[in-house]
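Visitor: Numbering follows my numbering, in which position 572 of the sequence shown is assigned residue number 643; successive positions increment by one, without gaps.
Even for Gly, the Cβ is constructed at its ideal location relative to N, Cα and C.
Take this structure, written in structure tokens, and hold onto it; I'll ask about it next.
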Amino acid sequence: MGYRPDIDGLRAVAVLAVLFYHAHLGFPGGYVGVDVFFVLSGFLITGLLLKAIRAGTFSFLDFWERRVRRLAPALMVLTAFVALSAPLVLLPEDLTDLGGALIAQPLLLSNVYFWRVVQGGYFGDAPEIRPLLHTWSLGVEEQFYLFFPIALALLHRHFPRRVGLGLSGIFLASLTLGVAWTPVRESFSFFNLPTRAWELLMGGILAWWLQGARAPLAENLRVRQVLAWIGLGMVGWSIFFYRPDTPFPGSAALLPCLGTALLLLANSAGPLTWVGRVLSHPAVVRVGQISYSLYLWHWPLVAYAFYLGVGGSLEARWLLVLVSCLAGYASWRWVETPIRSKRILPRRRAMGWLFASYAVLAISSGQLYLQSQGYPENWAEKARPREFRSRTHAVDPLSDEARPTPMGSPRSESPRFLLWGDSHAMSLAPLLHELGRSYGLPGLQLTATSSAPLLDWGHEMPSWDKSPEYKKRWRELALKTLEQERVGTVFLSGYWSSYGREGFAEDLRQTVRHLQDRGIRVVFVGDFPSQPGVNSRNLRLVSRWPWLAPHPATPEDHRTQNAKVHQALEGLPRSEDFVVLDPGPEILGWQSLTRDAAPLYIDSHHLSDEGALLLKSLFEPVFRQMQDGR
72 MGYRPDIDGL RAVAVLAVLF YHAHLGFPGG YVGVDVFFVL SGFLITGLLL KAIRAGTFSF
132 LDFWERRVRR LAPALMVLTA FVALSAPLVL LPEDLTDLGG ALIAQPLLLS NVYFWRVVQG
192 GYFGDAPEIR PLLHTWSLGV EEQFYLFFPI ALALLHRHFP RRVGLGLSGI FLASLTLGVA
252 WTPVRESFSF FNLPTRAWEL LMGGILAWWL QGARAPLAEN LRVRQVLAWI GLGMVGWSIF
312 FYRPDTPFPG SAALLPCLGT ALLLLANSAG PLTWVGRVLS HPAVVRVGQI SYSLYLWHWP
372 LVAYAFYLGV GGSLEARWLL VLVSCLAGYA SWRWVETPIR SKRILPRRRA MGWLFASYAV
432 LAISSGQLYL QSQGYPENWA EKARPREFRS RTHAVDPLSD EARPTPMGSP RSESPRFLLW
492 GDSHAMSLAP LLHELGRSYG LPGLQLTATS SAPLLDWGHE MPSWDKSPEY KKRWRELALK
552 TLEQERVGTV FLSGYWSSYG REGFAEDLRQ TVRHLQDRGI RVVFVGDFPS QPGVNSRNLR
612 LVSRWPWLAP HPATPEDHRT QNAKVHQALE GLPRSEDFVV LDPGPEILGW QSLTRDAAPL
672 YIDSHHLSDE GALLLKSLFE PVFRQMQDGR
């Protein structure tokens, strides 16, 4: 099989789909570009192997040397870049995670490592914390290259007339496993060879068939035109209409893989189809030629940008595409091509020593990051993760042991106040605990994540909505606490804007009336302003990179966020037994979201301990009144 420019064109489609997907520039199914690569790799490798085996010139060492020359040099440089730059960018816990990835890399186990550590699969937790996450696909390919030549050689030697049957059997077994396991073990199916091998084998079976067929179907140009358009449509549909929540790979992966196979078949003989001519355009081919290096370099650059919080704007994302292309071209021009063509390191032994050195470097640096736990001493004390949310005390209403947590003064008298609410209330816990101790007032904390401090919690919340049984038990626990403890003041704190939809106002009124009827003063604590562009990492990064500090929310942002909440409060007149404390104006007055390297938020809408303590003056009047017996 001679050089086919349309295959480089398909590589270009695949890598650009992945690049634009990762850069958040559309293409919601762009991740299927990896599946296109798998089919292409299986097609090309099987064709080369069959040709050498049939000619009697096949050598395992020669094959693996070519694979190492093709894949290793650019990967080595990229890995060295990530290993050296990561301590400047990643927080300790993420640098520790990278240590494991660096060790797995030269052992050809990247995919296995990420399967084990990535919570929620490839589309689960924030991918930008792992700058080598994309190497999982190389792990799959490398493992395939390790075992497939042996299997193919054995099939050809012992069952020369049954090679296609043998390949088809392995293909069907892998496909069946992938389809069966994706709904129940999606993470395993996504990352591992047993459930991905069929994609490479689809290309391999096509290569075997084309080499043996005397009169391929593809010789008819009209038929080939139709096949090419169908194949392009299948790949295009996957790229534009698949989403991260599409169960994958499973049966969904059949569409882009079959489409790729049809495009390969359609342009396998005779004049190129119209689609083949487009794919063979010199500009498209050049992108395909650098596709491997482009794939390697784009993700660490994109991941770093989003990790640092500087990749959000449209201009920044397009700049990432440009920089990725430049880095990919440089890697292809000065690393990948010279070594693959043997202009550099022509001897096998020299190549072996280079790979061994790389393996030692990667494993040793990975081990250092693991043993040091990511060098936490390199970060300001207050920016370390253990400083956050030290007093959460979340309860589980479904547990028979559920009960409120003491806070404030340790005196033995009955509790004077109750903090009731969700994770926003948890954020306030350090402040109320400190004020309780300062004023000699014992209190209780009844908090649970995503749990509204409402007695009639009947209206729907967003995606984290709780079950009816959970809501029932949460209400019962609150009523039981109010009955037994007889507190005089209840602080209602919640992520109110997430509940602020139809029916919320009535739910709030009923709760306030119930408390007031029991002689309890209600202190309604308003929402904390949501901070756009803030996540659990970037405020900690500000301690090292001050220029990364995000801009605080504006008063207009806060008003828009809480419009429905304010409407609900209009029906509740202020009185001695109903007080509204709005932290919004004070927080909006902060010039920065950090103070002495300490983040004041832990994510876009939760205060850190340090941030909560800055609201002391807002809450002190209530505690003085409680101290005075009011």
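1. From Arg666 to Leu425, what distance separates their C-alpha atoms?
2. Have a look at Ala354 and Gly399 and give me their C-alpha separation to the nearest angstrom.
3. Applying the 10 Å Cβ sphere with the 16-neighbour rule, what's the burial state of Trp389?
4. Report all residues from its chain with a CB closer than 6 Å to the CB of Ser436; omit the five preceding and five following residues, and keep chain order.
5. Could you check where the beta strand (DSSP E) with Phe649 kicks off and where it finishes?
6. Residues in the same chain with beta-carbon distance under 8 Å from Leu372, minus the five sequence neighbours each way, listed in chain order, please.
7. With a cut-off of 8 Å, do at least 3 Cβ pairs link the segment 77–90 to the segment 348–365?
8. Short of 7 Å in beta carbon distance, which residues of its chain neighbour Ala576, apart from the five on each side in sequence? Order them along the chain.
9. Relative to the alpha-carbon of Tyr510, which residue among Ala323, Leu671, Gln698 has its alpha-carbon at the smallest distance?
10. Compare the C-alpha of Trp482 against each of Leu512, Tyr541, Arg615 and name the closest.
11. By the DSSP assignment, the alpha helix (DSSP H) with Arg608 in it spans what residues?
12. Count the other CB atoms within 10 Å of the CB of Val431; is the residue buried (16 or more) or exposed (fewer)?
13. Determine, using beta carbons only, whether Pro501 and Ala376 come nearer to each other than 7 Å.
14. Going by beta carbon distance, what residues of the same chain come within less than 8 Å of Arg201, once the five residues before and after it are set aside?
15. For Val581, which option in Leu619, Glu136, Leu526, Ser156 has the closest C-alpha, if you only look at C-alpha atoms?
16. Using the three-state DSSP reduction, which class does Gln662 fall into: helix, strand or coil?
17. Sort Leu272, Asp493, Ser384 by Cα distance to Trp545 and report the nearest one.
18. Could you tell me whether any Cβ in chain B is nearer than 7 Å to the Cβ of Lys413?
19. Rounding to the nearest angstrom, what Cα-Cα distance links Lys543 and Gly330 in this structure?
20. Helix, strand or coil for Pro158, going by three-state DSSP, please let me know.
21. Per DSSP, what kind of secondary structure is Gly192 in: helix, strand or coil?
22. Please list, in chain order, all residues of the same chain as Pro621 whose beta carbon is under 7 Å from its beta carbon, the five residues on each side excluded.
23. Taking only three categories from DSSP, how would you classify Leu178?
24. State the DSSP-derived secondary structure class of Phe311, mapped to helix, strand or coil.
25. Closest to Gly700 by C-alpha separation, out of Arg487, Ala496, Gly507, would be which residue?
26. Looking only at its chain, what residues have a beta carbon closer than 7 Å to the beta carbon of Cys328, apart from the 5 residues adjacent to it on each side?
27. Cβ of Tyr378 within 7 Å of Cβ of Glu199?
28. Can you tell me whether Trp403 is buried or exposed, with buried defined as 16 or more other CB within 10 angstroms of its CB?
29. Can you check the segment 577–632 for any beta strand (DSSP E) of at least 3 residues that lies completely inside it and give the ranges in chain order?
30. Which residue from Pro318, Ser688, Leu121 puts its Cα closest to that of Arg228?
31. Taking the straight line between their C-alpha atoms, what separation do you get for Gly97 and Phe91?
32. So the candidates are Ile591, Trp405, Asp77; which of them puts its Cα closest to the Cα of Val148?
33. Under the rule that 16 or more other beta-carbon atoms within 10 Å means buried, what is Asn449, buried or exposed?
34. If we ignore side chains and look at the alpha-carbon of each, how far apart do Leu515 and Ser208 end up?
35. Report the rounded CA-to-CA distance for His504 versus Gly104, giving the unit in angstroms.
36. Measuring alpha carbon to alpha carbon, tell me which of Thr631, Leu499, Asp598 ends up nearest Lys687.
Guide: This is what the structure gives:
1. 47 Å
2. 15 Å
3. Looking at its Cβ environment, which holds fewer than 16 other Cβ atoms inside 10 Å, Trp389 is exposed.
4. Apart from sequence neighbours up to five positions away, the residues of its chain that approach Ser436 with a beta-carbon distance below 6 Å are Ala154, Leu173, ordered along the chain.
5. Under the DSSP assignment, Phe649 falls in the beta strand (DSSP E) whose first and last residues are 649–652.
6. Leu391, Val394, Ser395, Ala398
7. Remark: three or more beta-carbon pairs, one from each stretch, lie closer than 8 Å, so the segment 77–90 and the segment 348–365 are flagged as touching.
8. Result list for Ala576: Gln638, Ala639, Gly642, in chain order.
9. Gln698
10. Residue identity differs from the one stated: residue 482 is Arg in this sequence, not Trp. Nearest option by C-alpha distance: Leu512.
11. Element bounds for Arg608: n/a, residue is neither H nor E.
12. exposed
13. no
14. Answer for Arg201: Asp165, Asp168, Leu169, Ala172, Phe185, Val189, Ala374, listed in chain order.
15. Residue identity differs from the one stated: residue 581 is Gln in this sequence, not Val. Checking every option, the nearest Cα to that of Gln581 belongs to Leu526.
16. coil
17. Asp493
18. Of the protein chains in this structure there is only one, and it is not chain B.
19. The alpha-carbon atoms of Lys543 and Gly330 are separated by roughly 51 Å.
20. helix
21. coil
22. Gly380, Gln602, Gly604, Val605, Asn609, Leu664
23. coil
24. helix
25. Arg487
26. Asp106, Val110, Glu270, Met273
27. yes
28. buried
29. The segment 577–632 contains these whole beta strand (DSSP E) runs: 592–596.
30. Leu121
31. 6 Å
32. Trp405
33. exposed
34. 51 Å
35. 53 Å
36. Leu499
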